[in-house]
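A.B. asks: Let me begin by handing over the structure; questions about it come next.
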Amino acid sequence: MRKSKDKKQISKAVHKSVKAYKNLPGKKKREQAADKKSRGRSRWKAKKEAAVEAAS
6 MRKSKDKKQI
16 SKAVHKSVKA
26 YKNLPGKKKR
36 EQAADKKSRG
46 RSRWKAKKEA
56 AVEAAS
């Protein structure tokens, strides 16, 4: 028995949402890691600029 098109679409959508839900924690972790990286970079930049200001 073949699945009707709308049923197939529904199961696809369900699968997609389940997959997205499963990926959520990983996504959050990745975003936090990126945030940490950029924060460190901006802190380093601020330190460098302060050093330049003090030197001049």
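First residue of the sequence shown? That's 6 in my numbering, and the numbers climb one at a time after it.
We put the beta carbon where it would ideally sit given N, CA and C, even for glycine.
Which residues in the same chain as Arg35 place their Cβ atom closer than 8 Å to its Cβ, once the five residues preceding and following it in sequence are excluded?
C.D. replies: Excluding sequence neighbours, Arg35 sits near nothing in its chain.
A.B. asks: Using a Cβ-Cβ cut-off of 6 Å (strictly less than) and excluding sequence neighbours within five positions of Lys42, which residues of its own chain qualify?
C.D. replies: For Lys42, where only same-chain residues beyond five positions count, there are no Cβ hits under 6 Å.
A.B. asks: DSSP state of Ser22, grouped into three classes?
C.D. replies: Note: Ser22 maps to helix in three-state DSSP.
A.B. asks: With a threshold of 6 Å on Cβ separation, who are the neighbours of Lys52 within its own chain once the five nearest residues in sequence on each side are excluded?
C.D. replies: Contacts found: none.
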